[in-house]
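> I have a structure I would like to understand better, so I am pasting it below and will then ask my questions one at a time.
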Amino acid sequence: MEKLAHSAAYCGREQTYENHTEGVTKLIKDMLKDIQPYVPKVLYTRLERVLLAGEFHDVGKLDKEDQQVLRENKRKTALPIPHQIAGAKYLYEEYRDIYAAALVFGHHTPGLPDLNGDTKELFCYYPQNCTMKKEELINHIEAHLQEYLEIHRQIRGEIGLNVQREVPTAMEMRIMLSCLVDADWSDTAGETKEDIFPRWEERQASLDRYIKEKEAECAEDLSNEERNRRRHEMYYACREKTDIDNSLLNGDAAVGTGKTTAFLAHLLRGAKMQRLRHIFIILPYTNILEQVEKVLDEAVVLPGESAENVIAVLHHRAEYSSAELKMLADTWNPPIILTTAVQFFETLASNKPGRLRKLHQLPGSGIFLDEFHASVPVTCIPIVWQWLTELSNVWGCKIILSSGTMIRFWDNINIKKVYKGSRASCYNIQKPEELLPFSLRKSLEEQEKNRIYLGISKEEFAENHFNELDSLLEFVLSKRGPRILMMDTRKASALAAYRLKMKGHKVYHLSNVFKPEDSARILKDVEKKLKDGNKDPLKENWTLVCTTYASMGLNLSFRNGFCRTFSCTVFLQLAGRINRNGEYDNAGLWAFTLNDAKVPENKGLKLSREVWTEMIQEGIDGDPLKSFSPSQLATYAFREECKRSFGTASKQSELLSAERSFQFEELAQKFKIIPEEQEIMAITDLEILKNTMTGNKKEVRDLLQKKSVSIYKSLADEMQLAAVEEFPELRYLPPEKYDSELLGYLKGWVTENLE
Numbered sequence: 001m002e003k004l005a006h007s008a009a010y011c012g013r014e015q016t017y018e019n020h021t022e023g024v025t026k027l028i029k030d031m032l033k034d035i036q037p038y039v040p041k042v043l044y045t046r047l048e049r050v051l052l053a054g055e056f057h058d059v060g061k062l063d064k065e066d067q068q069v070l071r072e073n074k075r076k077t078a079l080p081i082p083h084q085i086a087g088a089k090y091l092y093e094e095y096r097d098i099y100a101a102a103l104v105f106g107h108h109t110p111g112l113p114d115l116n117g118d119t120k121e122l123f124c125y126y127p128q129n130c131t132m133k134k135e136e137l138i139n140h141i142e143a144h145l146q147e148y149l150e151i152h153r154q155i156r157g158e159i160g161l162n163v164q165r166e167v168p169t170a171m172e173m174r175i176m177l178s179c180l181v182d183a184d185w186s187d188t189a190g191e192t193k194e195d196i197f198p199r200w201e202e203r204q205a206s207l208d209r210y211i212k213e214k215e216a217e218c219a220e221d222l223s224n225e226e227r228n229r230r231r232h233e234m235y236y237a238c239r240e241k242t243d244i245d246n247s248l249l250n251g252d253a254a255v256g257t258g259k260t261t262a263f264l265a266h267l268l269r270g271a272k273m274q275r276l277r278h279i280f281i282i283l284p285y286t287n288i289l290e291q292v293e294k295v296l297d298e299a300v301v302l303p304g305e306s307a308e309n310v311i312a313v314l315h316h317r318a319e320y321s322s323a324e325l326k327m328l329a330d331t332w333n334p335p336i337i338l339t340t341a342v343q344f345f346e347t348l349a350s351n352k353p354g355r356l357r358k359l360h361q362l363p364g365s366g367i368f369l370d371e372f373h374a375s376v377p378v379t380c381i382p383i384v385w386q387w388l389t390e391l392s393n394v395w396g397c398k399i400i401l402s403s404g405t406m407i408r409f410w411d412n413i414n415i416k417k418v419y420k421g422s423r424a425s426c427y428n429i430q431k432p433e434e435l436l437p438f439s440l441r442k443s444l445e446e447q448e449k450n451r452i453y454l455g456i457s458k459e460e461f462a463e464n465h466f467n468e469l470d471s472l473l474e475f476v477l478s479k480r481g482p483r484i485l486m487m488d489t490r491k492a493s494a495l496a497a498y499r500l501k502m503k504g505h506k507v508y509h510l511s512n513v514f515k516p517e518d519s520a521r522i523l524k525d526v527e528k529k530l531k532d533g534n535k536d537p538l539k540e541n542w543t544l545v546c547t548t549y550a551s552m553g554l555n556l557s558f559r560n561g562f563c564r565t566f567s568c569t570v571f572l573q574l575a576g577r578i579n580r581n582g583e584y585d586n587a588g589l590w591a592f593t594l595n596d597a598k599v600p601e602n603k604g605l606k607l608s609r610e611v612w613t614e615m616i617q618e619g620i621d622g623d624p625l626k627s628f629s630p631s632q633l634a635t636y637a638f639r640e641e642c643k644r645s646f647g648t649a650s651k652q653s654e655l656l657s658a659e660r661s662f663q664f665e666e667l668a669q670k671f672k673i674i675p676e677e678q679e680i681m682a683i684t685d686l687e688i689l690k691n692t693m694t695g696n697k698k699e700v701r702d703l704l705q706k707k708s709v710s711i712y713k714s715l716a717d718e719m720q721l722a723a724v725e726e727f728p729e730l731r732y733l734p735p736e737k738y739d740s741e742l743l744g745y746l747k748g749w750v751t752e753n754l755e
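Numbering (full-length UniProt numbering) for the sequence shown: 1 to 755.
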């Protein structure tokens, strides 16, 4: 009787152990072949140890108890004997390869372990549903291990595999696990490897046509002739002159200069010349994904192509462990991937198989980290710098760091000191080279100075202090529209939007309280409203209330703006949404403080609030803030926050040390782009889950992306959102608790707190 790897109840069809093991090892070889052109030979040789892990990853399933469950075809839960333990113990004890053993152990829960401490306990995972005691389980596996191996040899024969002795890096371990997990899951689901044709040269030509069309539209507006000329200069400098051989670049450019399309042109040129596999565009907020997706749809999706096959747009951080949902986990297969900094960097830090599945697609890619200043907290910058260096130096990646308010962390003495520690000193960090010529950067900077009035003088700041939300709103409404009001929490933003509506004013609201499809619709309405207002001044009297969700990356232009005082860089980024194209007279942006107990303040921004407040009140070395460029202001604020952050250097060193010493679980737990609590997915339509196993996986995955909200777990508990039956990782958000127009999932909270 043939041994099984999966039952039909688990993956839709019965799969033999022989076929699955052969399928997994073949897929791993294909993945390694794709990576090989971009990495040094010595690194590629180290990667081949994943073939050893692939060969023995399921050997534990040959246990009689596991085979009995597989034969019964009732499997919906874990097997009685955790199958990853046997293969890990064999590779560790027989081959003395702790790294290959960790790959086998980590291809299921709990993921890559910390490789330190008592090696006897290292690969001893004990699931909660196990009927044996822990000691009994380990004794059982040890007693039957040779039996499993003999059956494996009978099925597979003697497999000649190279034994690796060189120590890999932590990133190599994650990429090897990615290959194993993707091969395992793909073969289980019956998926075959897709051939991806990036067509970079054609996309470059398509982008050129898109830019020419936009320039022709703008040519009619003579009032913006100088700005349009400089945008043209920016684009063609990146299209034809910038150095594509430099692998880590600083793209410091003023807001509104068209840097997204310009830097994309640089990457497309490099992708064509160096045959890159993918282009990643990484952004801090989901709303920017939607706007950039729209640009890409028009600019680089070719005739006859389906946009979803060319561009993957990934919103949520949620990952899945259940069999049905993990088949829907995000992949990085298409030529262009749009995702958030949270998902991207927490993938690099992860030890979990679900999150790491896609990582093997990253080598040999172009990476555009837009609005980088808002993408990484100070505690994470050193380890992120290390990853970017490794990706650019040895994994064949071409990386651009971009921002209109770039923090030059590579020149910061406090950041440099972190690398002088005993464990961190071995890292070879790389300083980014300048992407744009100095003359062009200065020209763009000079243009920026005269665009808007900044209400950040000491005197004005003292006047703009409010003790009640309604007083603040009176001040906001005293200025001519269209207006944008930025708050520092989702709840504060929702409260302000609700109060404006109750007062009879036209208001829109944008924050992370909406489903992506609703955010996209609201953003489209705002864009149309702005366009209509330019034609008819009577249509200007309205306000957009938002969180930092709308502070950067969006091609929106308001006459006046108002920003709660909580961050220098956020204020400067919001300035990029004011008079963006020079279409308004007397445009301005004001900083304000609000001490209303009903309007929540973001406690996590205490330090940046303190620094920004002092900068406004005291200037920099006695000089007023208006005499400094945005990048200089952002870098100064960053330096002050670093100096005052108690324990920051220690936390930075801990992350670097964890990476160096293969503390995978520790690093994954400590590395947080958003140091807030866990977010989970809540859906308003249960119908989309009905075909998770039998339907088109990509269609179901896209529906989950568009028709769900990402909500803090504590708030979901407070709202008493029930777990979805059979999918406890998801919550159900009843339609009556969700407002798709103004308040999103905070509908109930807002009405309870203001009525």
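C-beta: ideal position from N, C-alpha, C; glycine also.
Rounded to a whole number of angstroms, what is the C-alpha to C-alpha distance between F514 and E741?
Stepping through the sequence shown from its first residue, residue 514 is reached at position 514. Stepping through the sequence shown from its first residue, residue 741 is reached at position 741. Spanning the two alpha carbons is a distance of roughly 9 Å.
> Report buried or exposed for S627, applying the criterion of at least 16 other Cβ atoms within 10 angstroms of its Cβ.
As a first step, residue 627 must be located in the sequence shown, where it is residue number 627. By the neighbour-count rule (16 or more Cβ atoms within 10 Å), S627 is not buried but exposed.
> Compare the C-alpha of Q447 against each of S650, R96, G256, R239 and name the closest.
As a working note, residue 447 is residue 447 in the sequence shown. Here the closest residue by C-alpha is G256.
> Which residue wins for smallest C-alpha separation from R49, given the options L207, L177, R230, C11?
Position 49 of the sequence shown holds residue 49. The candidate whose alpha carbon is nearest that of R49 is L177.
> Based on the DSSP secondary-structure assignment, which residues constitute the bridge partners of R483?
Mapped onto the sequence shown, residue 483 falls at position 483. BP columns for R483 point to T543, N560.
> The beta strand (DSSP E) spanning H509 covers which residue range?
Residue 509 sits at position 509 when you count from the first residue of the sequence shown. That run of the beta strand (DSSP E) goes 507-510.
> Just to confirm before moving on: does the CB-CB distance between A8 and N73 stay below 8 Å?
Taking the first residue of the sequence shown as position 1, residue 8 is located at position 8. Taking the first residue of the sequence shown as position 1, residue 73 is located at position 73. The answer is yes: Cβ separation under 8 Å.
> Would the region 622-641 and the region 145-160 be scored as touching if the rule is three or more Cβ pairs under 8 Å?
The region 622-641 is not in contact with the region 145-160.
> Take the Cβ of F562 as the centre, count every other Cβ of all protein chains shown within 10 Å, and call the residue buried at 16 or more, exposed below.
For the purposes of this step, residue 562 is taken as the residue at position 562 of the sequence shown. Result: buried.
> Can you tell me whether T109 is helix, strand or coil according to DSSP?
Here the question's residue 109 lines up with position 109 in the sequence shown. T109 falls in the coil class under three-state DSSP.
> Around the Cβ of A5, are there at least 16 other Cβ atoms within 10 angstroms (buried) or fewer (exposed)?
Here residue 5 is taken as the residue at index 5 of the sequence shown, counted from 1. A5 is buried by the Cβ-count criterion.
> Given 8 Å as the limit, is there contact between the region 230-247 and the region 332-343, that is, 3 or more CB pairs closer than that?
Taking 8 Å as the limit for Cβ pairs, the verdict is that the region 332-343 does not touch the region 230-247.
> From this set, R156, A189, K458, D195, which residue's C-alpha is nearest D34's C-alpha?
The count along the sequence shown starts at 1 and reaches residue 34 at position 34. Among R156, A189, K458, D195, the Cα nearest to that of D34 belongs to D195.
> Measuring CB to CB, does F56 end up less than 8 Å from Q84?
Here residue 56 is taken as the residue at index 56 of the sequence shown, counted from 1. Here residue 84 is taken as the residue at index 84 of the sequence shown, counted from 1. No, they are not a contact pair.
> Would you mind listing the beta strand (DSSP E) stretches within the region 700-745 that are 3+ residues and don't spill past its ends, in chain order?
Those beta strand (DSSP E) runs which fall completely within the region 700-745 and span 3+ residues are 708-712, 727-732.
> Since I311 and F368 should fall inside the 8 Å C-beta cutoff, what is the C-beta to C-beta distance between them, to a whole number of angstroms?
Along the sequence shown, read from residue 1 onward, the residue named residue 311 stands at position 311. Along the sequence shown, read from residue 1 onward, the residue named residue 368 stands at position 368. Their Cβ separation, rounded to whole angstroms, is 13 Å, which puts I311 and F368 out of contact at 8 Å.
> Which whole-angstrom value is the C-beta distance of residue 757 and H140, which I expect to be below 8 Å?
Residue 757 lies beyond the stretch modelled for the chain, which goes from 1 to 755, so this question has no answer here.
> Relative to the alpha-carbon of S493, which residue among N414, M681, W749 has its alpha-carbon at the smallest distance?
Taking the first residue of the sequence shown as position 1, residue 493 is located at position 493. The shortest Cα separation from S493 among N414, M681, W749 belongs to W749.
> Expressed to the nearest angstrom, what Euclidean distance is found between the alpha-carbon atoms of L454 and L589?
Numbered from 1 along the sequence shown, position 454 holds the residue referred to as residue 454. Numbered from 1 along the sequence shown, position 589 holds the residue referred to as residue 589. About 5 Å.
> Return helix, strand or coil for V313, following the three-state DSSP convention.
Here residue 313 refers to the residue found at position 313 of the sequence shown. Of the three classes helix, strand and coil, the one that applies to V313 here is strand, per DSSP.
> Determine the direct distance from the alpha carbon of M487 to that of S608, and round the result to whole angstroms.
Taking the sequence shown and counting its residues from 1, the one referred to as residue 608 is at position 608. Taking the sequence shown and counting its residues from 1, the one referred to as residue 487 is at position 487. The straight-line gap from Cα to Cα measures roughly 14 Å.
> Might you give, ordered along the chain, the residues of its own chain that have their beta carbon closer than 8 Å to the beta carbon of A424, omitting 5 neighbours on each side?
Residue 424 sits at position 424 when you count from the first residue of the sequence shown. Confidence in A424 is poor, its pLDDT being 44 and thus under 50, which makes the residue's placement too unreliable to answer from.
> Over the uninterrupted alpha helix (DSSP H) stretch that includes A682, give me the two end residues.
Within the sequence shown, the letter at position 682 stands for residue 682. Here A682 belongs to no alpha helix (DSSP H); instead the beta strand (DSSP E) covers 679-683.
> Along the beta strand (DSSP E) that carries Y236, what are the first and last residues, could you check?
Working through the sequence shown from its first residue, we reach residue 236 at position 236. Element bounds for Y236: not the beta strand (DSSP E) but the alpha helix (DSSP H), 225-240.
> Touching or not, the region 300-307 and the region 378-394, by the rule of three or more beta carbon pairs under 8 Å?
Too few Cβ pairs lie closer than 8 Å, so no.
> Let's test the definition: count the other Cβ atoms within 10 Å of the Cβ of H509 and tell me whether it reaches 16, buried, or not, exposed.
Indexing the sequence shown from 1 puts residue 509 at position 509. When all chains shown are included, H509 counts as buried.
> Please identify the residue among N250, I279, E226, L302 whose C-alpha is closest to the C-alpha of D208.
By one-based count along the sequence shown, residue 208 stands at place 208. Here the closest residue by C-alpha is L302.
> Is there contact here, the region 511-527 with the region 705-714, by at least three beta-carbon pairs under 8 Å?
The region 511-527, when compared against the region 705-714, does touch it at the 8 Å Cβ threshold.
> Thinking C-beta only, is V545 closer than 8 Å to E500?
For this step, residue 500 is matched to residue 500 along the sequence shown. For this step, residue 545 is matched to residue 545 along the sequence shown. Correcting the residue type first, residue 500 is Leu in the shown sequence and not Glu. Result yes, Cβ atoms of L500 and V545 sit closer than 8 Å.
> Please confirm if D187 has its CB atom under 8 Å from at least one CB of chain C.
Of the protein chains in the structure, only one exists, and it is not chain C.
> Given a threshold of 16 other Cβ atoms within 10 Å of its Cβ, counted over all protein chains shown, does H465 qualify as buried or as exposed?
Here residue 465 corresponds to residue number 465 of the sequence shown, with the count starting at 1. Burial call: exposed.
> Determine which residues share a DSSP beta bridge with T548 and list them.
Locating residue 548 in the sequence shown gives position 548, where the first residue counts as 1. According to DSSP, which records beta bridges pairwise, T548 is partnered with nothing at all.
> Given this structure, state the Cα-to-Cα distance separating I94 from S186, to the nearest angstrom.
Your numbering for residue 94 matches position 94 in the sequence shown. Your numbering for residue 186 matches position 186 in the sequence shown. A small correction: the amino acid at residue 94 is Glu; Ile does not occupy that position in the sequence shown. Roughly 29 Å between the two C-alpha positions.
> Decide if M1 is buried, meaning its Cβ has at least 16 other Cβ atoms within 10 Å, or exposed.
Position 1 of the sequence shown, counted from the first residue, corresponds to residue 1. Counting Cβ neighbours within 10 Å, M1 comes out exposed, since fewer than 16 surround it.
> To which residues does DSSP link Q15 through a beta bridge?
Working through the sequence shown from its first residue, we reach residue 15 at position 15. Answer is H6.
> For E468, which three-state DSSP category applies?
The sequence position of residue 468 within the sequence shown is 468, counting from 1. Reduced to three states, the DSSP call for E468 is coil.
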